[in-house]
Amino acid sequence: MLSLTVHAGGLTLRNPVMLAAGILGTTGASLRRAALAGAGGVVTKSLGSVPREGHPGPTIVQVDCGLLNAMGLPNPSYKKFQEEIDIAKTGGVPVVASIFGSSAEEFAGIARGLDADAFELNLSCPHAEKYGSELGRYPDLVEAVTGAVKAAANAPVWVKLTPNTADIVELGLAAQRGGADAVVAINTLKAMAIDIETGYPILGNRFGGLSGPAIKPVAVRSVYDLALRLDIPVIGVGGVTSWEDAVEMIMAGASAVQVGTALKKGYGIFEEISLGLARYLERKSMTLEDIRGMAGRH
Amino acid sequence: MRPMNSIIKEVRSEAPLVRTFRLDKQLDPAPGQYVMVWIRGVDEVPMSFSSPDTITVQSVGEATRALFNLGAGSSIGLRGPFGNGFVLRGKNILLVGGGVGTAPLAFLGEQARGAGINVTSLVGFCSSQDIIFQDRFEALGDLVITTDDGCVGIKGHVAEGLKEFDLTEFSQIYLCGPEVMMWDIISRTREHAGKIQACISRYFKCATGVCGSCCLDPEGVRVCVEGPVFMADSLIESEFGRYKRGPDGSKGQCRG
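Chains as they are written, first to last, in my numbering: chain V, 7 to 304; chain F, 1299 to 1554.
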């Protein structure tokens, strides 16, 4: 069968369908299971410098065409996570550590303390005070954090961008100036749901981030704009649920895609998407390289 | 799904820290399935059904304490029923429960009796005041009770009651209770693990199989959607009985 191998952002992936951050990434075992189920690479739950229990429940609300979540960055701290990464690596695919901090120094400290195949900087979580998009919406901070982690880490650095901004390309260019090996777009869209019986915001944190099919067109547009303007690869994420979605994301300019909310359907989603992608390319007698960024060339 | 609004119709005290809440919604749950209960402004927690329209809750933390402050007429939010419940197999079953873990077993036993299945129960509690659903289990068939302090029935842990039975006689054994108790039973009855269905608990956040907080080592099994009922032989080589992860994902003791 046709090769789906991609080289992107300093990693070699056997196929371009990765597990997104925050999904089934709390344990080495679940990350390995994603790898064994066919993921081309896996990203851990975001890791900080101290343990966090996350927001009170409800942490998730099913809405039309997506999920609304405010998990609140629960994690045992990076210090307790190396053993999980080591277990995840036995799945045989690159393990990317998603990390978060409230300053360039904190990010750099975590990157220094972890052995992973790459780092993905969470500069985009929309619902955690002092973290994520609270830094990531400022281009100068994106550049400073990226630069600090690049200097500290001995692995490729990817920067996950927030769509909750007027111009995501400005953020992507800042990551590139900081030395990023790739950008990942997009994180969730800031959103909210209210219980009309009582008027209570449903999420324990009141607001959270929207993922799933509802945000796919936003993600496709973001990837398209970023890929046209940046020299570094773009990893597309946001509502990818089928092989058709993966093709669309790659045509927008993505070098690889990440799958999150669609894991609701089970671990079989990785094989389903990469198999569909391979059959599509065979039918069209094209390669991944041929279709990447196709939309920008028309 | 969004949480659906449900009015509490009745609250019954079963033991000092255990109450049963009757809900106005018929969710048609299978015994062993759970529902996410949203106590507005506080938290959302998973609860097992003790009958088609009741949950039986032990007060153990902030959310359950807040639930205990709600009386008949108050409302809560519900998502569910979720997960895989118990499956009835054969014509002669044994229920083995501990503490508030007996709740889904009483529900299961009543469903089994309705289907003409012979039901025997072994249930254990700390002391006489902690005994719940004694009348429900007595109505099902033979019943053996254990108490840690010996004031009722056999003195000791639930496993002490096992010697009253020849386990080969049962077509299926159903287990629910504190993890140390379940692990005690499973490790003493390994040769029967292929016919023991155990309803277990882990820290649930999303209850939709995406967040990963409830995954069991070493296979990464998602308890919230692939469980919470598992065949005991699939648990023997797992983390069950050894450790469990807390809200921040770090490993801790599996007591309680």
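Heads up, the beta-carbon is just placed ideally off N, CA and C, and yes, glycines get one too.
Fair warning: this is a prediction, and the values are worked out from it, not measured in the lab.
Any chain V beta carbon closer than 9 Å to residue i
i	result
F:GLY1510	yes
F:THR1506	yes
F:LEU1514	yes
F:GLU1342	yes
F:SER1425	no
F:ASN1303	yes
F:PRO1379	no
F:TRP1481	no
F:LYS1542	no
F:SER1548	yes
F:PRO1526	no
F:LYS1461	no
F:GLU1517	yes
F:ARG1520	yes
F:LYS1453	no
F:VAL1539	What sits at residue 1539 of chain F in the sequence shown is Gly, not Val. Chain V contact via Cβ: absent.
F:PRO1402	no
Neighbour flag for residue i against chain F, beta carbons, 9 Å
i	result
V:GLY72	no
V:PRO80	yes
V:ASP92	no
V:MET255	no
V:MET77	yes
V:SER83	yes
V:LYS86	yes
V:GLY28	yes
V:LYS51	yes
Distance, residue j Cα to residue i Cα
i	j	result
F:PRO1329	F:GLN1495	12 Å
V:ALA122	V:THR96	13 Å
V:PRO62	V:GLY185	37 Å
V:SER248	V:ALA260	15 Å
F:VAL1450	F:VAL1398	17 Å
F:SER1354	V:VAL190	Strictly speaking, residue 1354 of chain F in this sequence is Thr, with Ser absent from that position. Spanning the two alpha carbons is a distance of roughly 45 Å.
V:PRO3	V:GLN88	Nothing about residue 3 of chain V can be read from this structure; chain V reaches only from 7 to 304.
F:GLY1396	F:TRP1336	25 Å
V:GLY44	F:ASP1433	52 Å
V:ASP316	V:ASN170	Nothing can be reported for residue 316 of chain V, as the shown portion of chain V is limited to 7 through 304.
V:GLY272	F:GLY1448	47 Å
V:ALA225	F:GLY1378	31 Å
F:LEU1533	F:ILE1374	34 Å
F:CYS1295	V:SER291	Past the edges of chain F, shown from 1299 to 1554, lies residue 1295 of chain F, and the structure says nothing about it.
F:SER1426	F:PRO1526	29 Å
F:MET1334	F:GLN1551	24 Å
F:ASP1440	F:VAL1417	7 Å
F:VAL1478	V:LEU73	35 Å
F:LEU1473	F:GLY1414	20 Å
V:VAL148	V:ILE174	12 Å
Closer than 8 Å: residue i CB and nearest the ligand MN heavy atom
i	result
F:GLY1525	No copy of the ligand MN occurs in the structure displayed, which carries no ligand at all.
DSSP bridge partner residues for residue i (one or two, in chain order)
i	result
F:PRO1344	F:MET1334
V:LYS156	V:LYS156 is not bridged to any residue.
V:ASN211	Answer by DSSP bridge pairing: none, since V:ASN211 is not bridged.
F:ILE1306	F:LEU1321
V:ILE72	What sits at residue 72 of chain V in the sequence shown is Gly, not Ile. DSSP lists V:VAL69 as partners of V:GLY72.
F:PHE1526	Position check: residue 1526 of chain F holds Pro in this sequence, whereas Phe was assumed. Answer by DSSP bridge pairing, in chain order: F:ASN1382.
V:GLN264	V:MET24 and V:VAL243
V:MET198	V:PHE213
V:ARG289	Answer is none; V:ARG289 lacks a bridge partner.
V:PHE125	V:ALA103 and V:VAL163
F:CYS1497	F:CYS1474 and F:VAL1527
F:ILE1374	F:SER1304
F:GLY1550	F:LYS1542
Supposed contact pair residue j and residue i - C-beta distance, whole angstroms, cut 8 Å
i	j	result
V:ILE241	V:GLY15	7 Å
V:PRO80	V:LEU17	Contact doesn't hold; Cβ gap of about 26 Å is too wide.
F:GLU1517	V:ALA35	6 Å
V:ALA134	V:PHE125	About 18 Å; that fails the 8 Å criterion.
Please list the residues of the region 1346-1374 of chain F that have a C-beta atom closer than 9 Å to any C-beta atom in chain V, keeping them in chain order.
GLU1360, ALA1361 and SER1373
So if I threshold CB-CB distances at 7 Å, which residues from the region 31-49 of chain V count as touching chain F?
GLY31, THR32, THR33, ALA35, SER36, ARG38 and ARG39
Which residues, in chain order, does the region 265-286 of chain V contribute to contact with chain F at a C-beta distance below 8 Å?
GLY266, THR267, LEU269, LYS270 and GLY272
Quick one, which residues of the region 181-209 of chain V are near chain F if we go by CB-CB under 8 Å, in chain order?
ALA199, ASP201, GLU203, THR204, TYR206 and ILE208
Quick one: which residues of the region 100-112 of chain V get their C-beta closer than 9 Å to a C-beta of chain F? List them in chain order.
none
At a CB distance below 8 Å, what residues from the region 54-72 of chain V approach chain F? Give them in sequence order.
PRO57, ARG58, GLU59, GLY60, PRO62, GLY63, PRO64, THR65, ILE66, VAL67, GLN68 and VAL69
Closer than 9 Å, Cβ to Cβ, to anything on chain V: give me those residues from the region 1308-1336 of chain F, in chain order.
MET1334 and TRP1336
Just by C-beta distance, which residues in the region 210-238 of chain V are closer than 7 Å to chain F?
GLY210
Contact set between the region 1469-1498 of chain F and chain V, restricted to residues whose Cβ is under 8 Å from the partner
none
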